[in-house]
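Heads up, the sequence shown is in my numbering, so the first residue is 40 and it goes up one at a time. Backbone N, C-alpha and C fix where the C-beta goes; we use that ideal spot for every residue, glycine too. Inspection log for the structure reproduced underneath, given as structure tokens.
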Amino acid sequence: MNKVMLFAHLKEQAGSGELTVQASGKSVKELRDYLEAETSLGNLEGIMIAVNEEFATDEAIIQKGDDIALIPPVSGG
């Protein structure tokens, strides 16, 4: 199982700051598609995904026990 940490509006949409999913062996793209289809997070386009505290490409493969974070764009003034 993998822990998926959520921040900002994603945390509010999910009602929690963390999800647990079976993502090992999946690509980051496959995880994104799964989360869009099976959770209340909606469209994750523009959301950066980090694996073990490093930004990951869509092709990166998630391993058992990897920590994943969904990071929305940051804006401010």
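Beta-carbon proximity check, residue i vs residue j, cutoff 8 Å
i	j	result
Ala-108	Ser-66	no
Asp-105	Val-90	yes
Ile-86	Ile-110	yes
Thr-78	Ala-47	no
Distance, residue j Cα to residue i Cα
i	j	result
Gly-56	Leu-74	14 Å
Leu-80	Leu-49	6 Å
Ala-62	Leu-70	7 Å
Glu-92	Lys-42	12 Å
Gly-64	Thr-96	15 Å
Anticipated Cβ contact below 8 Å, residue i with residue j, distance rounded
i	j	result
Met-40	Thr-59	5 Å
Exercise. Whole beta strand (DSSP E) runs in the region 77-110 with 3 or more residues, listed along the chain?
Worked result: 87-90, 106-110
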